[in-house]
Amino acid sequence: MENNQEQKAVSMPRIGEPAPVFKAVTTQGEINFPADYKGSWVILFSHPADFTPVCTSEFITFATMEKQFNEANCKLVGLSVDGLYSHIAWLRTIKEKIEYKGMKNVEVMFPLIEDITMEVAKKYGMMMPGESNTKAVRAVFVIDPKGIVRTVLYYPLSLGRNFDELYRIIIALQTADEFNIATPADWRPGDDVIISPAGSCGAAKDRMEGKEEGLECKDWFFCTKKLDKDTVLKKVLKK
Ligand code: BEZ
0 MENNQEQKAV SMPRIGEPAP VFKAVTTQGE INFPADYKGS WVILFSHPAD FTPVCTSEFI
60 TFATMEKQFN EANCKLVGLS VDGLYSHIAW LRTIKEKIEY KGMKNVEVMF PLIEDITMEV
120 AKKYGMMMPG ESNTKAVRAV FVIDPKGIVR TVLYYPLSLG RNFDELYRII IALQTADEFN
180 IATPADWRPG DDVIISPAGS CGAAKDRMEG KEEGLECKDW FFCTKKLDKD TVLKKVLKK
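In numbering that gives the first Met the number 0, the protein residues as written are 0 to 238.
What follows is the structure, encoded as structure tokens:
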């Protein structure tokens, strides 16, 4: 039993598997996860504690970008192992008192889960005892409209996340799904994309001989094609 509990504390959702199910109280009412988010992308993320500076800078940044994420059909859900009244008080303080990088009067509209029992944090592998026994690390789970985990990121307590990168991940995953391609290092909409590797010796030869139009092949296994920014944004942002 003890072993089982320990096991639970270190378990984590894996890419390609269904997001673990839970019910929780949040600053926006009760949620059933991931059922309530069917049809949307979701970023479920944890932060170590309310009323701490790095977390405050993160919440101001994320809340300011929420509309941008929503336009990409992505909803945000936060979690810490604090209680509901602490969450409410912290979000009120952020709105009333805190300015960060010119962002002020920021209202956090996305739900923030209370998880005093650490039930959700343990289910999602957000507790890392080597880092802290009492605070969740900065975990990020990107979950697709079918409830499948598509990306997992972990940051330590001292390191605030890069929210531009989280947005890039949402756009890149949707682009990969919509156009059946992969995205290379540091890809941004408008950059060339990678097509699936040649599946036979014949296809490899054809590619190297330039028989497939529109491809640029650095070698038989590494071929890119153009995918313009407007086409990507039209599909992903419906613009
Ligand atoms: C912070 O958000 O500032 C923070 C939280 C926990 C430990 C260290 C820093």
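Just so you know, even glycine gets a beta-carbon here, dropped at the ideal spot from N, CA and C.
Helix or strand or just coil, what does DSSP make of residue i?
| i | result |
| --- | --- |
| Ala181 | strand |
| Val141 | strand |
| Ile30 | strand |
| Asn2 | For Asn2, the predicted model reports a pLDDT of 48, less than 50, meaning its position is unreliable; a value from the coordinates is still stated below. In this structure, Asn2 counts as helix in the three-state DSSP scheme. |
| Leu158 | coil |
| Leu90 | helix |
| Asp176 | helix |
| Ile193 | strand |
| Ala8 | Unreliable placement is indicated for Ala8, whose pLDDT of 49 sits below 50; the coordinate value is still reported in the next sentence. Helix. |
| Ala120 | helix |
Do you know whose CA, among the options, lies nearest residue i's CA?
| i | options | result |
| --- | --- | --- |
| Gly82 | Asp227, Ile170, Val136, Ile112 | Ile112 |
| Ser79 | Asn69, Val139, Ala71, Asn104 | Val139 |
| Ile87 | Asp49, Leu226, Leu75, Ser56 | Asp49 |
| Ile170 | Pro183, Pro188, Glu106 | Pro188 |
| Val76 | Met207, Thr116, Glu29 | Glu29 |
| Lys134 | Pro196, Ile142, Gly146, Ile115 | Ile115 |
| Met267 | Val148, Glu106, Leu156 | The structure shown has nothing for residue 267, since the chain only spans 0 to 238. |
| Ala197 | Phe221, Trp186, Val148, Phe178 | Phe221 |
| Ala120 | Leu226, Lys225, Pro19 | Pro19 |
| Thr230 | Gly209, Ile147, Ala202, Thr174 | Thr174 |
| Gly15 | Thr51, Thr150, Pro110 | Thr150 |
| Asn179 | Phe21, Phe68, Thr223 | Thr223 |
| Ile193 | Leu214, Gly38, Pro17 | Leu214 |
| Lys22 | Pro110, Lys103, Val53 | Pro110 |
Hey, residue i and residue j are a contact pair by Cβ (cut 8 Å); roughly how many whole angstroms apart?
| i | j | result |
| --- | --- | --- |
| Cys73 | Ile42 | 6 Å |
| Ser56 | Tyr99 | 5 Å |
| Val105 | Ala62 | 5 Å |
Residue i bridges to which residues according to DSSP?
| i | result |
| --- | --- |
| Tyr99 | Met102 |
| Glu70 | Bridge partners of Glu70: none, in fact. |
| Ser79 | Glu113 |
| Tyr153 | Ala138 |
| Thr60 | Answer by DSSP bridge pairing: none, since Thr60 is not bridged. |
Residues passing the C-beta test against the ligand BEZ heavy atoms, cut-off 6 Å: Pro47, Ala48, Thr51, Pro52, Val53, Cys54, Lys134, Leu156, Ser157
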